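**Q** Numbering (UniProt numbering), first residue to last: 1 to 278.
Think of the CB as a built atom: it goes at the ideal place given N, C-alpha and C, for glycine as much as any other residue.
Quick caveat, the model's predicted, so the values are computed rather than measured.
#1: CB-CB under 6 angstroms to residue 62, same chain, minus the five flanking residues each way: which ones, in chain order?
#2: Can you check which of these residues, 193, 174, 142, is closest to residue 155 by C-alpha distance?
#3: Less than 8 angstroms between the CB atoms is what I'm expecting for residue 48 and residue 90, so what's the real figure, rounded?
#4: Unbroken beta strand (DSSP E) runs of length 3 or more, entirely within the region 73-119: which are they?
#5: CA-CA distance, residue 65 and residue 56?
#6: Using alpha carbons as the reference points, say which of 141, 95, 110, 111 lies closest to residue 104.
#7: Where does residue 243 land, buried or exposed, given buried means 16+ other C-beta within 10 angstroms?
#8: Would you identify the three-state DSSP class for residue 17, choosing helix, strand or coil?
#9: To which residues of the same chain is residue 133 closer than 8 angstroms at the C-beta, ignoring the five residues directly before and after it?
#10: Cutting at 8 angstroms between CB atoms, please list the residues of its own chain near residue 12, excluding the five before and the five after it.
#11: How is the beta strand (DSSP E) around residue 24 delimited, first residue to last?
#12: For the beta strand (DSSP E) that contains residue 181, what are its first and last residues?
#13: With a cut-off of 8 angstroms on the beta carbons, I'd call residue 180 and residue 117 a contact; round off their distance for me.
#14: Counting along the chain, where does the beta strand (DSSP E) carrying residue 138 start and finish?
#15: Could you have a look at residue 200 and say whether DSSP puts it in helix, strand or coil?
#16: Could you name the residues of the same chain whose beta carbon sits closer than 7 angstroms to that of residue 124, not counting the 5 residues immediately before and after it, in chain order?
#17: Please report the Cβ distance between residue 173 and residue 166, rounded to the nearest whole angstrom; I am assuming they are in contact, meaning their Cβ atoms lie under 8 angstroms.
#18: Round the Cβ separation of residue 36 and residue 100 to the nearest angstrom and send it over; I've been treating them as touching at under 8 angstroms.
#19: Could you have a look at residue 160 and say whether DSSP puts it in helix, strand or coil?
#20: Run the CB neighbour count on residue 157, radius 10 Å, all protein chains shown included, and call it buried at 16 or more, exposed below.
#21: By DSSP, does residue 44 sit in helix, in strand, or in coil?
#22: Quickly, what does DSSP pair residue 49 with across the bridge? List them, please.
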């Protein structure tokens with residue numbers, strides 16, 4: 001009975017149900033026929049993405065977006081010659097053998113196309129005063145799987161924990177490899193230098209160019225002197241305006257016949273008021 005079933009049943013197997021490949025490289029999705037009696041079985045491949053199936057191989061011809069980038073390797077394996085990120089999906093190999101008692105079998109293969117990161121966008125402050133916080137950012141959105149980030153200062157990698165390295169032990173920062181952020185709670189003079197970031201995943205890595213971050217001392221005495229000078233200047237201007245007002249430079253009184261009425265004069269002589277009588 002065991003021999004009868006194995007002889008009249010189509011049975012498939014694969015060497016790798018979850019293969020991966022770097023973008024633009026070739027990959028074989030193995031679909032091997034372990035047992036079959038039908039001489040010319042019907043072989044089909046379907047691509048399943050977002051739950052929607054579409055034909056990849058049907059009627060002995062490659063179709064869809066793999067039409068010029070794939071081929072069948074006898075008897076039923078699918079070879080993708082130039083994989084792209086759009087090829088990441090589930091692929092189903094289906095074999096129908098009408099002359100077998102068990103006439104149908106299928107295998108599901110999940111393909112992952114790894115994508116090398118592009119050059120990340122890096123943000124480094126040009127100058128920061130001693131004791132002040134500072135944030136450095138690094139990000140890229142093309143790599144798959146998602147990139148991890150490394151920061152470097154003067155060509156030396158910055159450890160996640162500054163206490164693990166004598167060169168960074170005096171620094172106070174937090175480093176996130178997932179988010180690509182490097183945050184200083186209070187920068188020190190020794191934190192100055194050239195910084196750059198590297199984005200990395202299983203497909204490769206890319207990095208941005210180095211950017212200089214300067215750390216400078218705050219001149220407290222200079223700030224106080226500047227404030228004193230500004231206050232002195234404002235005080236002098238205020239005193240000058242007050243003195244000018246007291247001396248009448250801002251008083252302007254013009255009198256004409258329209259705004260002055262002469263008092264009655266019984267002797268018929270016109271009376272004109274002098275400026276001293278105002």
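**A** In short:
#1: Along the chain shown, read from residue 1 onward, the residue named residue 62 stands at position 62. These residues qualify, in order along the chain: 70.
#2: Indexing the chain shown from 1 puts residue 155 at position 155. The candidate whose alpha carbon is nearest that of residue 155 is 193.
#3: Your numbering for residue 48 matches position 48 in the chain shown. Your numbering for residue 90 matches position 90 in the chain shown. With 8 angstroms as the limit, residue 48 and residue 90 qualify as a contact, their Cβ atoms being about 4 angstroms apart.
#4: Within the region 73-119, the runs of beta strand (DSSP E) at least 3 residues long that lie entirely inside it are, in chain order, 77-80, 89-96, 104-114.
#5: Position 65 of the chain shown, counted from the start, is the residue given in the question as residue 65. Position 56 of the chain shown, counted from the start, is the residue given in the question as residue 56. So the two alpha carbons sit approximately 8 angstroms from each other.
#6: Walking along the chain shown from the start, residue 104 turns up at place 104. The shortest C-alpha separation from residue 104 is found at 95.
#7: As a working note, residue 243 is residue 243 in the chain shown. Counting Cβ neighbours within 10 Å, residue 243 comes out exposed, since fewer than 16 surround it.
#8: To locate residue 17, count along the chain shown from 1; it is residue 17. Annotated three-state conformation of residue 17 is coil, per DSSP.
#9: Indexing the chain shown from 1 puts residue 133 at position 133. Closer than 8 angstroms at the Cβ level, and outside the excluded window around residue 133, lie 183, 184, 185, 186, 187.
#10: Position 12 of the chain shown holds residue 12. Only 31, 32, 33, 34, 76, 93, 95, 105, 106, 107 meet the Cβ criterion.
#11: As a first step, residue 24 is located in the chain shown; it is residue number 24 there, counting from the start. Careful: residue 24 lies outside any beta strand (DSSP E) and carries neither H nor E.
#12: Within the chain shown, numbered from 1, the residue matching residue 181 stands at position 181. 181-184 is the extent of the beta strand (DSSP E) around residue 181.
#13: Your numbering for residue 180 matches position 180 in the chain shown. Your numbering for residue 117 matches position 117 in the chain shown. That pair is no contact at about 11 angstroms.
#14: Working through the chain shown from its first residue, we reach residue 138 at position 138. Run containing residue 138: 134-139, per the beta strand (DSSP E) assignment.
#15: As a first step, residue 200 is located in the chain shown; it is residue number 200 there, counting from the start. Reduced to three states, the DSSP call for residue 200 is strand.
#16: If you number the chain shown from 1, residue 124 lands on position 124. Cβ within range, chain order: 136, 195, 211, 213.
#17: Your numbering for residue 173 matches position 173 in the chain shown. Your numbering for residue 166 matches position 166 in the chain shown. Contact flag wrong, Cβ pair sits at about 16 angstroms.
#18: Residue 36 sits at position 36 when you count from the first residue of the chain shown. Residue 100 sits at position 100 when you count from the first residue of the chain shown. Confirmed, about 6 angstroms.
#19: On the chain shown, residue 160 is found 160 positions in, with the first residue counted as 1. Coil at residue 160, not helix or strand.
#20: Taking the chain shown and counting its residues from 1, one reaches residue 157 at position 157. Exposed is the call here.
#21: Reading the chain shown from its first residue, position 44 is the one you call residue 44. Here residue 44 sits in strand by DSSP.
#22: One-based indexing of the chain shown puts residue 49 at position 49. DSSP output for residue 49 lists 52 as bridge partner(s).
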